[in-house]
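Protein chains: 2
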Amino acid sequence: MRSLFFCIILVVAVAATDSNPDATSIFNGEGCENDQLFQTRIRPQIQQLASNVQRIIDHVMSANESGRTYRQLAEFVDRFGSRLTGTKNLEDSIDYMIDLLKQEGHDNVHGEPVQVPKWTRGNEWARMIKPRDKKLNILGLGYSEGTNGQTIEAPIVVVRNFTELEQKAGLIPGKIVVYNFKYESYGKQAIYRHSGASRAAKFGAVAAMIRSLTPFSIDSPHTGMQSYDVNVTKIPAISITTEDADLFQRFSDRNEEVIVQIYSENHNEKDKGISRNTVSDVRGEKYPNEIVLVSGHIDSWDVGQGASDDGAGAFISWRALSVIKKLGLRPKRTLRSVLWTGEEFGLIGVYDYIKKHRNELKDYVIAMESDIGTFTPRGITYSGKNSTSQCTLWEILQLMHPINATTLTISTEGSDVQAFYENGVPISSLDTANDKYFYFHHTQGDTMTVEHPDDLDKCQALWTSVSYALAMLDDRLSR
Amino acid sequence: MRSLFFCIILVVAVAATDSNPDATSIFNGEGCENDQLFQTRIRPQIQQLASNVQRIIDHVMSANESGRTYRQLAEFVDRFGSRLTGTKNLEDSIDYMIDLLKQEGHDNVHGEPVQVPKWTRGNEWARMIKPRDKKLNILGLGYSEGTNGQTIEAPIVVVRNFTELEQKAGLIPGKIVVYNFKYESYGKQAIYRHSGASRAAKFGAVAAMIRSLTPFSIDSPHTGMQSYDVNVTKIPAISITTEDADLFQRFSDRNEEVIVQIYSENHNEKDKGISRNTVSDVRGEKYPNEIVLVSGHIDSWDVGQGASDDGAGAFISWRALSVIKKLGLRPKRTLRSVLWTGEEFGLIGVYDYIKKHRNELKDYVIAMESDIGTFTPRGITYSGKNSTSQCTLWEILQLMHPINATTLTISTEGSDVQAFYENGVPISSLDTANDKYFYFHHTQGDTMTVEHPDDLDKCQALWTSVSYALAMLDDRLSR
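Chain order of the listed sequences is Y and R.
Take UniProt numbering: the final residue in the first sequence is number 479, and no numbers are missing along the way.
Take UniProt numbering: the final residue in the second sequence is number 479, and no numbers are missing along the way.
In structure tokens form, the structure reads like this:
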């Protein structure tokens, strides 16, 4: 997490909120008492599932099992570290997962090949050399080109937003543009990371330095994807820390000239690579063609361990199937786990999957995703507008009282699963107390230290329970 | 902030707390109503000061003045960056301060020379090369020697504490010891940073890597002072991030061998340098020989900007004198600002000052220090046991209601001012909502981004008011 697609969608969601205050809202079972279908058919089915859901919770939280998701995730991310799209290391980690899922007894374990870009971070550094010498803590952005073996040396022009960029157009040729926006949310400001370099290049900038997308920093640069417009010079796009962005702003406010040097060997390879979405199932006994999908992405940025983004989301997803297998539960629908590849470079894996499985999408009950943190769970989000379906999910979540994760939020937000939403499949995201998620996002700090065994157990219990229940109800969730 | 001295003292304070629950306690004016001296003589004097104290608060918080401490501090730390003891840059920054204090109209502005060590951070890096390759984000510790032009390559031995170090003594020869303690507080665990290398060297370790002293990290290494025992091999002492310490612990728990490479050009110079404590006064009109001292240290570690540690403490201290000058207030006692040097290398400046001024210490009313953050102020601490003095400070703090900073905590904690406490002078520290202080402490993240103009204004108003009041009372604070 996260990509261009997410950003754009979030911006749309924010805009939508202005005219429709219900775009993201908590659902508290309003109207369910008068929903005949729900009351007479679905609710009794959910009540019948209560004992098995309790078994799932008890099992995951039991003395023998507790901490298993954390331990298995740690073994994986400690072994492979970060898993950049296009690298052999990512493919090795996918091989490991395919072997592991077979050992875990999943059905239909396989990788589905996906063509992916290869972007390479080479040596890179930047220094402020005037008014004094200072090394800058930077990370080049994904898809950014480097400096062609040269060192760029140029004064900076600091702008707070694109309006100021246009106002300062005359100053920009030959300069390095520094974007020092005010961070309100990831969704609102990600456009600077995504498009800042191209927009600056149009005015003749030689490089763009973009404030890291975070509300909190310990001089921590955050990488992420950017994208070049067609027909613009592909100038280097570099993430700087909030501290250095603030420093440049202060120098700028005092009219002190700042000169920066940048060196970067980052580049896009000419050839494409092949990666894989990792698919595994627990085959449904009664409605095998109907799919309840749980997912996270296995690729990560090339910093940290990709534990929070999105190792943990991937692991609670495939582990949901393992828990159900281990308890001997036999879902009526097929439970499918997909570990997406290429998410960070633009949701590449999921769009490839959609293309290949388009004709089956009518049979997808829901596409669930965990990709915004696995902190203490609050519940889930759900995109569907059908009130009976909302009542159904709300009733299922009431079974989560033992782990205090009963909140249903109606929201269309998502990352990989947006591709399903665009194709008519309802989507759901794990909702956790993720206030600090963006502190670590796309940084060297995305490690197992962010994750906590107890929280992962609770997320695991919730994720397993909800997907199991949706795979069991004879009345399929209406879209 | 902070040094060996602080650590040891804190440990003592913690031990003292076990037998004496009042070692650190909030004073709420208990018994003051029956204190005849306080009620009949001192309290009326404080009430007479109320209008001038209100003038101080109003002035500092006024539209024209608000943000001044922040702006002046930013100009200083942006210009000089970090200010390591023994460097020309620190001396340049002291020259700047001496000029500035003269411009501000302080009396008796001068530097008092202090011999200081010269420690140099050269190139340094570390990598984990087994079980996989990973660059480690490190900072060598102050006074640490380097690797003599070689690259050390050795397996690691992870220990949680000194007991485990002794238990694993047989494993340690030729290895790199990793200290992965559980962080409870800076005071409790700083001993690992300070003494970890020497203790490991005694068992034959070739280097020591010490978990950063912080409750929170974004892969952020924290430097700080360490010290070699006599007659031990001076092995490299290196701070690693909490994330890497956790990673090494997990590998160790799984019995996976970890091999690390370390290269470091860090070294102690043979010759000493000369630095200066920066002294300035507002001369007292009635009791000029009696001193109310306000202080912070001007030196910093060689990372970040030394804004929080301790530029801000130094700036609210000298600015207290400037505010009093500007308002035309004429204190009865001498108000003295000292910007200590060499704090980070072992309270070098303050001990030199004590040595030179020992005969005058009987005339020091109080030694005030701000060196644990300038967040939203709560009040001050005070070390004195005399109940009339406690009532006096408590009554003065009640004048701080407009800025909600009225809390008096009885505590003997301090950093530089401990040297005064040891010599019978009561000490006081600025007390702020500093829960996040150690997040940034001794890291690249110690920048102006940690500081907030409003908080600095409130700290400034409090610091100025308290020091002014203590310089005005005809009844000097009893020890």
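Positions of the beta carbon are idealized from the N, C-alpha and C atoms, including for glycine.
No experiment lies behind these values; they were computed from the predicted model shown.
Item: With DSSP as the reference, identify every bridge partner of G140 of chain R, one or two as the case may be.; Value: R:I238
Item: By alpha-carbon positions, which one of R:S428, R:L141, R:I129, R:Q48 ends up nearest to Q226 of chain R?; Value: R:L141
Item: Could you check the C-alpha separation between P155 of chain R and T443 of chain Y for me, to the nearest Å?; Value: 27 Å
Item: Looking at the C-beta of D455 of chain Y, does it have a partner C-beta in chain R at a distance below 8 Å?; Value: no
Item: Give every residue of the same chain whose Cβ lies closer than 7 Å to the Cβ of T147 of chain R, excluding the five residues on either side of it in the sequence, and list them in chain order.; Value: P236, I262, Y263, S264
Item: Do the stretch 420–429 of chain Y and the stretch 210–222 of chain R meet, that is, are 3 or more Cβ pairs less than 8 Å apart?; Value: no
Item: Mapping DSSP to helix, strand and coil, what is Q54 of chain Y?; Value: helix
Item: Along the chain, where does the alpha helix (DSSP H) that runs through F27 of chain Y open and close?; Value: Looking at the DSSP string, F27 of chain Y is not in any alpha helix (DSSP H); the run it does join, the beta strand (DSSP E), is 25–27.
Item: Considering P113 of chain R, what are the terminal residues of the alpha helix (DSSP H) in which it resides?; Value: Segment 107–116 is the beta strand (DSSP E) holding P113 of chain R; no alpha helix (DSSP H) there.
Item: Is R336 of chain Y buried or exposed, if buried means 16 or more other CB atoms sit within 10 Å of its CB?; Value: buried
Item: Give me the chain R residues within the contact set of F251 of chain Y, using Cβ-Cβ distance strictly less than 8 Å, ordered along the chain.; Value: D78
Item: In whole angstroms, what is the alpha-carbon distance linking T464 of chain R and I324 of chain R?; Value: 7 Å
Item: DSSP state of L293 of chain R, grouped into three classes?; Value: strand
Item: Taking C-alpha atoms, which residue in R:R41, R:G224, R:A307, R:G187 lies nearest to E75 of chain R?; Value: R:A307
Item: Considering only their Cβ atoms, is the gap separating T278 of chain R from I94 of chain R smaller than 8 Å?; Value: yes
Item: Under three-state DSSP, which class holds G379 of chain Y?; Value: strand
Item: When you compare the stretch 404–414 of chain R with the stretch 339–351 of chain R, are there three or more beta-carbon pairs, one atom per stretch, that lie closer than 8 Å?; Value: no
Item: On the criterion of 16 or more Cβ atoms from any shown chain inside 10 Å, does L473 of chain R qualify as buried, or is it exposed?; Value: buried
Item: Span of the beta strand (DSSP E) holding E153 of chain R?; Value: 152–159
Item: Extract the residue ranges of the alpha helix (DSSP H) inside the stretch 326–405 of chain Y, only unbroken runs of 4 or more that lie entirely within it.; Value: 348–357, 387–397
Item: With E265 of chain Y as the anchor, note down where its beta strand (DSSP E) starts and where it stops.; Value: Where E265 of chain Y is concerned, there is no enclosing beta strand (DSSP E), given that its DSSP letter is neither H nor E.
Item: In chain R, what lies closer than 9 Å to M448 of chain Y by C-beta?; Value: E243, D246, L247, R250
Item: At the level of alpha carbons, what is the spacing between D18 of chain R and W394 of chain R?; Value: Residue placement at D18 of chain R is poorly supported in this model, since its pLDDT is 38, which falls under 50; the coordinates are not used for a value here.
Item: Using DSSP with H/G/I as helix, E/B as strand and the rest coil, what is L165 of chain R?; Value: helix
Item: Can you give the Cα-Cα distance for P21 of chain Y and K385 of chain Y, rounded to whole angstroms?; Value: Note that P21 of chain Y scores 42 on pLDDT, short of 50, meaning its location in the model is unreliable; the coordinates nonetheless yield the value given after this. Each residue's Cα considered, the two are about 14 Å apart.
Item: If Y183 of chain R and T214 of chain R are in contact, beta carbons under 8 Å, what's the gap, nearest whole angstrom?; Value: 7 Å
Item: Strictly below 7 Å CB to CB, what residues from chain R border A74 of chain Y?; Value: R250
Item: When you compare the CB of R68 of chain R with every CB in chain Y, is at least one pair closer than 8 Å?; Value: no
Item: Skipping 5 residues on each side, what residues in its chain have a beta carbon closer than 7 Å to that of N161 of chain R?; Value: F181
Item: Taking the alpha-carbon positions, what's the E112 of chain R to Y353 of chain R distance?; Value: 8 Å
Item: Compare the C-beta of G445 of chain R with all C-beta atoms of chain Y and state if any pair is closer than 8 Å.; Value: yes
Item: Nearest to H297 of chain R by alpha carbon, out of R:T85, R:F27, R:S212?; Value: R:T85
Item: So, at 7 Å on beta carbons, what are the nonlocal neighbours of A461 of chain Y in its own chain, with the 5 sequence-adjacent residues on each side left out?; Value: I56, I57, V60, M61, I403
Item: Mark M1 of chain Y as exposed unless 16 or more other C-beta atoms lie within 10 angstroms of its C-beta, in which case mark it buried.; Value: In this predicted model, M1 of chain Y has a pLDDT of only 48, less than 50, meaning its place in the structure is not dependable; the value taken from the coordinates is given anyway. Answer is buried; the Cβ neighbour count reaches 16.
Item: Measure the C-alpha to C-alpha separation of D302 of chain Y and W119 of chain Y and round it to an integer number of angstroms.; Value: 11 Å
Item: DSSP three-state label for L473 of chain Y, please.; Value: coil
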